[in-house]
Amino acid sequence: MDISTKLLTMLLAILLFVAVVGLMLFIAGRTERRSASIVGYVFLFPSIIMVSVGLLYPAVRTTFQSFFDAAGKAFVGLDNYQTIFTSPDDLLVLRNTVLWVVVTPFVATAIGLLYAILVDGARGEAFAKALIFLPMAISMVAASIIWKFVYEFRPDQPGVRQIGLLNQVVVWLGGSPQQWIVNSPWNTFFLIVVMIWIQAGFAMTILSAAIKAIPEDIIEAARLDGVNALGMFRFVTLPSIRPSVIVVLTTIGIGTLKVFDVVRTMTGGNFSTNVVANEFYSQSFRASNEGLGSALAVLLFILVVPIVVYNIRQLRASESR
Amino acid sequence: MSSITPQVDLTPEQRAALAETSPTGRAATSIKKKVTSPVASAVAVLLAVVWTIPTFGLLVSSFRPEKAIKTTGWWTFFGDPQMTLDNYRTVLSTTSQSGLGNFFVNSFVITIPSVIIPICLAALAAYAFAWIDFKGRDFLFVLVFALQIVPLQVALLPLLTMYVHAGIGGTFWTIWLSHSAFALPLAIFILHNFMKEIPKELIEAARVDGAGHVKIFFRIMLPLLTPALAAFGIFQFLWVWNDLLVALTFASDNSVKPLTKALADLSGTRGTAWHLLSAGAFISIIVPVVVFISLQRYFVRGLLAGGLKG
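Going down the list, the protein sequences come from chains A and B.
Here the numbering used here is used: the first residue of the first sequence is 9, the next is one more, and so on.
Here the numbering used here is used: the first residue of the second sequence is 416, the next is one more, and so on.
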């Protein structure tokens, strides 16, 4: 397909959906006199169809398939779920996912909070924040390539020089270069660093805003009472921004649970770094194990729900304040 | 009417985040200026450097000749500066084997409809949810709201089967439709919250004047919607542009695959071709960075609203 064909198809797709909207408006205009509530259904029709066919039905179908075998033919009950929780490979996948979800939100939030406090009110604050925030805007694939280059390894031989920054630093300090993303179990932490690098900016932005929203008089009162910097953080800042901290932790937690791009790009799930989202992809589309793949997708959903519910309740609580 | 600027439904701290990115907000915070200790400044600078150096290293490398990248560290560039644009020339080519030019085009072809289609459909749906009374409205709204949190992994396999049966497997349509369906719950949610904040009197006055829903939608809603559309549009643009999972699942064919997938493939098959990987990564980074810098205000707003998206 050449470029002009692609652009033409693209234009066609857009026009098609603009036409759909036009048609709905036309029908609505015609029926409006008779009953206003019909307009509601007409306006909703295209969205409901799209969501039902593209999201609702597939989700139900996947749940159904998770009780069937690899080919999707024979009913196997909870076997796929049993596999996830008993096979050594999948237990490793679960362990890694737990590591990701426990480490990433807390470290990213801690760094984000520290940075937000440090640059608060400093000169060049906007620029300083943009530096930390930028990784959030780029793709996780690009982020993974950036870090893979930092971790790049060259064998420790005379005449061979390191091209990865981390190994060069190790060599400068007198150590010998390591294969950071190959050597288990520490390699998982080196992948987690990438996610922390991406998410700290998110934490910093939200928490910085929360810090700025602390009423001036509270800070003033504490200062008059002679509270020092550490006490200020402990007794004024932290309690005031607690709801924001929880929102940040849970939001990063949800994102981390579904982490896929980083693992896939950096190790492909090899070297004992596999996680649920990547295992889902491998089973579904590489190993053609439809049943197990579906079960892993359902597991992701089940794990996300409690965090989301908690998050929404926190949002509500902070809104009603 | 232009004085009405409804907000996307946000929590207090989210509102503060927006205020902070506006010029007036920044002026207000400078009053709070504290005396920062040298240690604090040092730690802040250290963090900023650690956060920036990895990207900087790859950026420098993308301008170095292939042989130099593979034999010496990028930091030696400053002692022995050899510069070339060859890497970018190779990577941007639409004809050569290792060129990513076509995939760059594909990324745009994929992203633009995937932003516009959900916006069109969601604007109608959001209006219905916000301002029209009909049976089952609340139930449907809760359903759409809940669908926001469904991880898109649960939809991929059945969708792939459906596309193949429908005879559109491997085309752009699969990606457009998937991204649109996945985006609709969030789009409807954002636009609904926004429309809900438009004063009731405005709508009622229009209705008293004999305007129907269609007219109100066009005359009153659409002009007021711009900030919400921008917030969702930017979030969705970056989401689709940066997506790997949907692309891996549906864009199996070279003629439709986007830059993210091309880069991931390149990293998998030629993981040491750093002259291509570095330049390729920067080609893919440049678009979201430009969007981020020029539309920062809306970007943060969209990011906050989309925090739970599947």
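No residue lacks a Cβ here, since even glycine has one placed at the ideal position from N, Cα and C.
Residue span of the alpha helix (DSSP H) that contains residue i, given as start and end
i, result
"residue 593(B)", "587-611"
"residue 521(B)", "516-546"
"residue 180(A)", "173-180"
"residue 230(A)", "224-232"
"residue 272(A)", "269-274"
"residue 287(A)", "284-289"
"residue 199(A)", "194-220"
"residue 619(B)", "615-623"
"residue 492(B)", "Taken as a continuous stretch (DSSP letters only), residue 492(B) belongs to no alpha helix (DSSP H), as it is neither H nor E."
"residue 90(A)", "87-94"
"residue 510(B)", "Residue 510(B) -> no alpha helix (DSSP H), and no H or E assigned at all."
Neighbour-count burial assignment, residue i, 16 or more Cβ in a 10 Å radius
i, result
"residue 287(A)", "buried"
"residue 266(A)", "buried"
"residue 18(A)", "buried"
"residue 247(A)", "exposed"
"residue 565(B)", "buried"
"residue 224(A)", "exposed"
"residue 310(A)", "exposed"
"residue 132(A)", "exposed"
"residue 272(A)", "buried"
"residue 548(B)", "exposed"
"residue 137(A)", "buried"
"residue 99(A)", "exposed"
"residue 307(A)", "buried"
"residue 292(A)", "buried"
"residue 170(A)", "buried"
"residue 616(B)", "exposed"
"residue 685(B)", "exposed"
"residue 325(A)", "exposed"
"residue 442(B)", "Its pLDDT being 39, under 50, residue 442(B) is placed unreliably in this model, and the coordinates cannot settle the point."
Option in the options with minimal Cα separation from residue i
i, options, result
"residue 651(B)", "537(B), 518(B), 541(B) and 689(B)", "537(B)"
"residue 322(A)", "283(A), 259(A), 197(A) and 191(A)", "259(A)"
"residue 22(A)", "516(B), 713(B), 453(B) and 528(B)", "528(B)"
"residue 579(B)", "665(B), 679(B) and 452(B)", "665(B)"
"residue 507(B)", "498(B), 518(B) and 525(B)", "518(B)"
"residue 139(A)", "209(A), 291(A), 170(A) and 110(A)", "209(A)"
"residue 544(B)", "49(A), 242(A) and 39(A)", "49(A)"
"residue 563(B)", "602(B), 584(B), 552(B) and 588(B)", "602(B)"
"residue 401(B)", "659(B), 713(B) and 696(B)", "As shown, chain B starts at 416 and ends at 725. That puts residue 401(B) outside it, with no answer to give."
"residue 515(B)", "706(B), 704(B) and 690(B)", "690(B)"
"residue 153(A)", "458(B), 609(B), 672(B) and 683(B)", "683(B)"
"residue 699(B)", "686(B), 460(B), 679(B) and 554(B)", "679(B)"
"residue 475(B)", "498(B), 539(B) and 465(B)", "498(B)"
"residue 509(B)", "703(B), 649(B) and 669(B)", "669(B)"
"residue 127(A)", "14(A), 25(A) and 217(A)", "217(A)"
"residue 161(A)", "31(A), 182(A), 191(A) and 134(A)", "191(A)"
"residue 54(A)", "533(B), 695(B) and 453(B)", "533(B)"
Sequence-distant residues of its chain with Cβ nearer than 6 Å to residue i (five each side left out)
i, result
"residue 275(A)", "189 and 281"
"residue 629(B)", "none"
"residue 591(B)", "528 and 529"
"residue 71(A)", "306"
"residue 211(A)", "116, 117, 120 and 256"
"residue 713(B)", "645, 646 and 649"
"residue 88(A)", "74, 299, 300 and 303"
Whole-angstrom distance between residue j and residue i, CA atom to CA atom
i, j, result
"residue 561(B)", "residue 97(A)", "33 Å"
"residue 226(A)", "residue 600(B)", "40 Å"
"residue 558(B)", "residue 201(A)", "36 Å"
"residue 33(A)", "residue 51(A)", "7 Å"
"residue 522(B)", "residue 221(A)", "39 Å"
"residue 174(A)", "residue 65(A)", "47 Å"
"residue 490(B)", "residue 583(B)", "49 Å"
"residue 244(A)", "residue 105(A)", "34 Å"
"residue 62(A)", "residue 186(A)", "45 Å"
"residue 11(A)", "residue 676(B)", "19 Å"
"residue 456(B)", "residue 238(A)", "16 Å"
"residue 729(B)", "residue 179(A)", "With chain B represented from 416 up to 725, any question about residue 729(B) goes unanswered, as that position is not in the structure."
"residue 594(B)", "residue 655(B)", "7 Å"
"residue 86(A)", "residue 75(A)", "6 Å"
Nonlocal neighbours in the same chain, by C-beta distance under 8 Å from residue i, ignoring five residues either side
i, result
"residue 215(A)", "117, 120, 121, 124, 249, 252, 253 and 256"
"residue 372(B)", "Nothing can be reported for residue 372(B): it is not among the residues displayed for chain B, which extend from 416 to 725."
"residue 158(A)", "172, 173 and 174"
"residue 622(B)", "631"
"residue 184(A)", "164 and 178"
"residue 235(A)", "243 and 244"
Beta-carbon contacts of residue i that lie in its chain and below 7 Å, excluding the five residues immediately before and after
i, result
"residue 672(B)", "518, 521, 662 and 666"
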